[in-house]
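The next block holds one structure in the form of structure tokens; read it before the comments.
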Amino acid sequence: MNSYVHYRDWFNVRNTLPKEVRIGFVPTMGALHQGHISVLEKARRENDFLVLSIFVNPTQFNDPNDYQDYPRTLELDRRIAAECGVDALLIPGKDDMYPSGNDMPILTQHPLSQIMEGKVRPGHFSGVLTVVMKWLHWVNPARVYFGEKDFQQYYLICELVKQYFLDLEVIGCETLREASGLPLSSRNQRFNKEGLELAHRFAKLLRSGSYDDLASIQRRLEAAGLIVEYIEKHFGRLFVAVECHGIRLIDNFRL
Ligand code: PAF
Numbered sequence: 073m074n075s076y077v078h079y080r081d082w083f084n085v086r087n088t089l090p091k092e093v094r095i096g097f098v099p100t101m102g103a104l105h106q107g108h109i110s111v112l113e114k115a116r117r118e119n120d121f122l123v124l125s126i127f128v129n130p131t132q133f134n135d136p137n138d139y140q141d142y143p144r145t146l147e148l149d150r151r152i153a154a155e156c157g158v159d160a161l162l163i164p165g166k167d168d169m170y171p172s173g174n175d176m177p178i179l180t181q182h183p184l185s186q187i188m189e190g191k192v193r194p195g196h197f198s199g200v201l202t203v204v205m206k207w208l209h210w211v212n213p214a215r216v217y218f219g220e221k222d223f224q225q226y227y228l229i230c231e232l233v234k235q236y237f238l239d240l241e242v243i244g245c246e247t248l249r250e251a252s253g254l255p256l257s258s259r260n261q262r263f264n265k266e267g268l269e270l271a272h273r274f275a276k277l278l279r280s281g282s283y284d285d286l287a288s289i290q291r292r293l294e295a296a297g298l299i300v301e302y303i304e305k306h307f308g309r310l311f312v313a314v315e316c317h318g319i320r321l322i323d324n325f326r327l
């Protein structure tokens, strides 16, 4: 099919699909890059019908400037969607997703929502879980795909699906990286040359030395000019967030 479906027509399209058709769903905030493409390709292979959504969700940004500055590359995104064989591309506006404001949010108190990203970005995970819940009810997929770069998000969405008895599979997709180890991210598009060099340096520094002494890794990162928001170990993984030339970078990987 490979076409743009206006979000208002989605229910009609979905209702014409035979019951046995498995819908794979990739929710995104756009500014698509190679990481998204690999997720879309996986979802394309594993499902009969592929839905991609693009929506920069205001309720998950605690900083209005960050929301404002989030990269938006809609024309390129549409081309990528077509090349990846997306069957339905849903691009709603703010009022479509939140017709009466955000007056029915999911206010998570899950312990994992209170640390790291949840601590430095108050309300972030409530915004994410609220919009994801809306999307899952709207699209009604058999499988939904998320990148493991946002591991906390992925984990909490698995909890959401389990605790609200949603009948679908959540698939975590491995992070794609540059040769330096820097994870691919939409935010990387905002770096100037110097910022990008420092971002690669960050990735390399994270991969040198032992992980027994987190304070010494933090000192190394700070000496390079990065502002460390947190560096913590959980689930046998290292989680880190830094500010690099005014842009947030997060990463996590198995130790
Ligand atoms: O990971 C993202 O791009 C967003 O947090 C998501 C899951 C699309 C919700 O807005």
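Under my numbering, the first residue of the sequence shown is numbered 73, with each subsequent residue one higher. Cβ coordinates follow ideal geometry from the N, Cα and C atoms, glycine included. This one's a predicted model, so the numbers in the text were calculated from it and none came from an experiment.
(request) Spatial neighbours of G195 within its chain, please: CB distance less than 6 Å, with the 5 preceding and 5 following residues excluded, ordered by chain position. (result) Within the sequence shown, numbered from 1, the residue matching residue 195 stands at position 123. So the list reads N134, once near-sequence residues are dropped.
(message) Going by DSSP, what residue range makes up the beta strand (DSSP E) through S288?
(response) For the purposes of this step, residue 288 is taken as the residue at position 216 of the sequence shown. It is not in any beta strand (DSSP E) - S288 instead sits in the alpha helix (DSSP H) that spans 286-295.
(request) Examine the Cβ distances between the segment 111-122 and the segment 181-195 and report whether three or more of them are shorter than 8 Å. (result) Fewer than three pairs of CB atoms, one per stretch, sit closer than 8 Å, so the segment 111-122 makes no contact with the segment 181-195.
(message) Any residue with its Cβ nearer than 6 Å to a heavy atom of ligand 1 should be included. What is that list in chain order?
(response) Applying a distance threshold of 6 Å between residue Cβ atoms and the heavy atoms of ligand 1 selects P99, T100, M101, N129, Q132, V200, V203, V204, D222, Q225, given in chain order.
(request) To the nearest angstrom, report how far apart N74 and V312 are at their CA atoms. (result) As a position in the sequence shown, residue 74 is number 2, starting the count at 1. As a position in the sequence shown, residue 312 is number 240, starting the count at 1. Its pLDDT being 46, under 50, N74 is placed unreliably by the model, and the measurement read from it follows with that caveat. Looking at the two C-alpha atoms, the distance is approximately 38 Å.
(request) Please report how far the alpha carbon of N139 lies from the alpha carbon of V128, in whole angstroms. (result) To locate residue 139, count along the sequence shown from 1; it is residue 67. To locate residue 128, count along the sequence shown from 1; it is residue 56. Correcting the residue identity first, residue 139 is Tyr in this sequence and not Asn. One C-alpha to the other measures close to 8 Å.
(message) Within the continuous alpha helix (DSSP H) that includes A275, where are the two ends?
(response) The sequence position of residue 275 within the sequence shown is 203, counting from 1. DSSP places A275 inside the alpha helix (DSSP H), whose first and last residues are 265-278.
(request) Output yes or no for whether 8 Å exceeds the beta carbon distance between L240 and L201. (result) On the sequence shown, residue 240 is found 168 positions in, with the first residue counted as 1. On the sequence shown, residue 201 is found 129 positions in, with the first residue counted as 1. No.
(request) Measure the alpha-carbon distance for V204 versus Y217 and round it to whole angstroms. (result) Position 132 of the sequence shown, counting from 1, holds the residue named residue 204. Position 145 of the sequence shown, counting from 1, holds the residue named residue 217. Roughly 11 Å between the two C-alpha positions.
(message) I'd like to know whether the C-beta atoms of H182 and L238 end up nearer to each other than 8 Å.
(response) Start at 1 with the first residue of the sequence shown, and residue 182 comes out as number 110. Start at 1 with the first residue of the sequence shown, and residue 238 comes out as number 166. No, Cβ-Cβ distance for H182 and L238 is not below 8 Å.
(message) So, at 6 Å on beta carbons, what are the nonlocal neighbours of V211 in its own chain, with the 5 sequence-adjacent residues on each side left out?
(response) Here residue 211 is taken as the residue at index 139 of the sequence shown, counted from 1. Within the same chain, V211 has close Cβ partners F97, V123.
(message) Along the chain, where does the beta strand (DSSP E) containing T100 start, and where does it finish?
(response) Translated into the one-based positions of the sequence shown, residue 100 becomes position 28. Run containing T100: 95-100, per the beta strand (DSSP E) assignment.
(request) Within 10 angstroms of the Cβ of T100, are there 16 or more other Cβ atoms? Answer buried if so, exposed if not. (result) The count along the sequence shown starts at 1 and reaches residue 100 at position 28. Under this definition T100 is a buried residue.
(message) Applying the 10 Å Cβ sphere with the 16-neighbour rule, what's the burial state of S172?
(response) If you number the sequence shown from 1, residue 172 lands on position 100. So S172 counts as exposed.
(request) Reducing DSSP to helix, strand and coil, say where I178 ends up. (result) One-based indexing of the sequence shown puts residue 178 at position 106. Coil.
(request) Look at the Cβ atom of P189, then the Cβ atom of Q224, and state whether they are nearer than 8 Å. (result) In the sequence shown, residue 189 corresponds to position 117, counting from 1. In the sequence shown, residue 224 corresponds to position 152, counting from 1. First, the residue type needs correcting, since residue 189 is Glu and not Pro in the sequence shown. Yes. Within cutoff.
(request) Out of L321, Y142, S280, E118, point me to the one whose CA is closest to P255's CA. (result) Along the sequence shown, read from residue 1 onward, the residue named residue 255 stands at position 183. Residue L321 is the option with its Cα nearest to P255.
(message) Quick check: what's the CA-CA separation for T145 versus E301?
(response) On the sequence shown, position 73 is the one that residue 145 refers to. On the sequence shown, position 229 is the one that residue 301 refers to. The alpha-carbon atoms of T145 and E301 are separated by roughly 28 Å.
(request) Identify the continuous alpha helix (DSSP H) that holds V128 and give its terminal residues. (result) Here residue 128 is taken as the residue at index 56 of the sequence shown, counted from 1. Neither: V128 is in no alpha helix (DSSP H) and is coded neither H nor E.
(message) How far does the beta strand (DSSP E) with N212 in it extend, from its first residue to its last?
(response) Here the question's residue 212 lines up with position 140 in the sequence shown. Counting along the chain, N212 falls outside any beta strand (DSSP E), and DSSP gives it neither H nor E.
(request) Have a look at E269 and V93 and give me their C-alpha separation to the nearest angstrom. (result) The count along the sequence shown starts at 1 and reaches residue 269 at position 197. The count along the sequence shown starts at 1 and reaches residue 93 at position 21. Spanning the two alpha carbons is a distance of roughly 46 Å.
(message) Just verifying my parser: in three-state terms, what is the DSSP assignment at K91?
(response) In the sequence shown, counting from the first residue as 1, residue 91 sits at position 19. In this structure, K91 counts as coil in the three-state DSSP scheme.
(request) Consult DSSP for P255 and reduce its assignment to one of helix, strand or coil. (result) The count along the sequence shown starts at 1 and reaches residue 255 at position 183. In the structure shown, P255 falls within a strand segment according to DSSP collapsed to helix, strand and coil.
(request) Let me know the secondary structure DSSP gives P183 once reduced to three states. (result) Along the sequence shown, one-based indexing puts residue 183 at 111. Correct three-state label for P183: helix.
(request) Work out the CA separation of L161 and N324 for me, nearest whole Å. (result) For the purposes of this step, residue 324 is identified with residue 252 of the sequence shown, where counting begins at 1. For the purposes of this step, residue 161 is identified with residue 89 of the sequence shown, where counting begins at 1. In a straight line, the C-alpha of N324 is about 29 Å away from that of L161.
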